[in-house]
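Chemist: Dropping the structure in here first, questions after.
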Amino acid sequence: AQKVTQAQTEISVVEKEDVTLDCVYETRDTTYYLFWYKQPPSGELVFLIRRNSFDEQNEISGRYSWNFQKSTSSFNFTITASQVVDSAVYFCALSDGGYQKVTFGTGTKLQVIP
Amino acid sequence: DARVTQTPRDKVTEMGQEVTMRCQPILGHNTVFWYRQTMMQGLELLAYFRNRAPLDDSGMPKDRFSAEMPDATLATLKIQPSEPRDSAVYFCASGLFGFGYTFGSGTRLTVV
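Shown next, in the form of structure tokens:
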């Protein structure tokens, strides 16, 4: 069975601080995919990134970066120089490599204070 | 940008009524998911389709929920009869096998 754990329920940071959102996953599959989604107060779910299990390279996109470590089953997300617009709930998700059933974590609510 | 379109955006209905939610996936996407989001349960997978065929609907209460894809441009989720505990936001998502998934804006269902 697949499982995604986001232990941080809520995080508050002051604008311009860096913040890391943790994601730990469990799966028996050797091929799998990991995702991060953002849900701003408006409610929509916005796709941020997808990473497959064979690609452990870290990725940077502007102020966003992702650290994938298979050894610790973690796929952490860092926002550098946070901004108020980053305030949202962030979900980590996992899908198997076959049917690709996507399982979401419980989300981390990030509040960036001006 | 291509979008997943969900209708209605909001729905208020009385207990016992039938509710139908619709989703238009992005053209060319072969995988469609239905999720339900509540404060208590978070995002729960209800059902998903690949090339219009249902792959897994184990997350759905079978006695009252049904999901179909009558054609490649339409996915439906029906609740009959609806109950107050069905109040939630229902999301549809579509994507290509092996890639990320795009979510619709959701249908906020309130059953009174």
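Going line by line, the protein sequences match chains C and V.
For the first sequence, position 108 matches number 239 in the numbering used here, and the numbering has no gaps at all.
For the second sequence, position 1 matches number 6 in the numbering used here, and the numbering has no gaps at all.
Where is the CB? At the ideal position from N, CA and C, for every residue including glycine.
Does DSSP classify Ser86 of chain C as helix, strand or coil?
Modeler: The structure shown has nothing for residue 86 of chain C, since chain C only spans 132 to 245.
Chemist: Could you tell me if Met3 of chain V is buried or exposed, where buried requires 16 or more neighbouring beta carbons within 10 angstroms of its beta carbon?
Modeler: Absent from the model: residue 3 of chain V. The displayed extent of chain V is 6 to 117, so no value can be given.
Chemist: At which residues does the beta strand (DSSP E) containing Lys134 of chain C begin and terminate?
Modeler: Lys134 to Thr136 is the span of the beta strand (DSSP E), which, as asked, contains Lys134 of chain C.
Chemist: Could you please give the first and the last residue of the uninterrupted beta strand (DSSP E) stretch that includes Ser226 of chain C?
Modeler: Residues Ala219 to Asp227.
Chemist: Can you tell which of C:Phe199, C:Arg182, C:Glu157 and C:Val145 has the C-alpha that lies nearest to the C-alpha of Gly236 of chain C?
Modeler: Here the closest residue by C-alpha is C:Glu157.
Chemist: Under 8 Å between C-beta atoms, does Gln133 of chain C make it to chain V?
Modeler: Answer no: the Cβ-Cβ gap between Gln133 of chain C and chain V never drops below 8 Å.
Chemist: Using a cut-off of 9 Å between C-beta atoms, extract the partners of Thr136 of chain C located in chain V.
Modeler: The contacting residues do not exist; Thr136 of chain C stays about 12 Å from chain V at best.
Chemist: By the criterion of Cβ-Cβ separation under 9 Å, what are the contact partners of Asp91 of chain V in chain C?
Modeler: Result: empty, since nearest Cβ-Cβ is about 18 Å, beyond 9 Å.
Chemist: Output needed in chain order: residues of the region 158-181 of chain C with a Cβ under 7 Å from some Cβ in chain V.
Modeler: Taking 7 Å as the Cβ-Cβ cut-off against chain V, the residues of the region 158-181 of chain C that qualify are Phe166, Gly174, Glu175, Leu176, Phe178 and Arg181.
Chemist: Please check if any C-beta of chain C sits within less than 8 Å of the C-beta of Val94 of chain V.
Modeler: Yes, because at least one Cβ of chain C sits closer than 8 Å to the Cβ of Val94 of chain V.
Chemist: What residues from chain V crowd round Gly238 of chain C, counting only those whose CB sits closer than 9 Å?
Modeler: Correct list: Gly47 and Leu48.
Chemist: Can you pull the chain V residues whose beta carbon is under 9 Å from the beta carbon of Phe199 of chain C, in chain order?
Modeler: Neighbours of Phe199 of chain C on chain V: none; closest Cβ ~15 Å, over 9 Å.
Chemist: Mind checking Gly174 of chain C: buried by the 16 CB within 10 Å criterion, or exposed?
Modeler: Result: exposed.
Chemist: Residues in the same chain with beta-carbon distance under 6 Å from Met26 of chain V, minus the five sequence neighbours each way, listed in chain order, please.
Modeler: Once the five neighbours on either side are set aside, the close Cβ partners of Met26 of chain V are Leu82, Tyr95 and Thr112.
Chemist: Scan the region 102-115 of chain V for residues whose Cβ lies nearer than 9 Å to a Cβ of chain C and list them as they occur along the chain.
Modeler: Listed in sequence order: Phe102, Gly103, Phe104, Gly105, Tyr106, Thr107, Phe108, Gly109, Ser110, Gly111 and Arg113.
Chemist: Mapping the DSSP letters down to three states, classify Arg90 of chain V as helix, strand or coil.
Modeler: Reduced to three states, the DSSP call for Arg90 of chain V is helix.
Chemist: Just tell me which of C:Asp160, C:Arg182, C:Val215 and C:Gly229 has its CA closest to the CA of Phe206 of chain C.
Modeler: For Phe206 of chain C, the nearest C-alpha among the options comes from C:Arg182.
Chemist: I want to know whether the region 70-90 of chain V touches the region 160-172 of chain C - three or more CB-CB distances under 8 Å.
Modeler: Flag = no, the region 70-90 of chain V and the region 160-172 of chain C do not touch.
Chemist: Got a sec: which bits of the region 41-75 of chain V sit with their beta carbon under 8 Å from any beta carbon on chain C, in order along the chain?
Modeler: Listed by position along the chain: Gly47, Leu48, Leu50, Tyr53, Arg55, Leu60 and Asp61.
Chemist: At a CB-CB cut-off below 8 Å, which residues of chain V make contact with Lys232 of chain C?
Modeler: Simply Leu50, Tyr53, Leu60 and Asp61.
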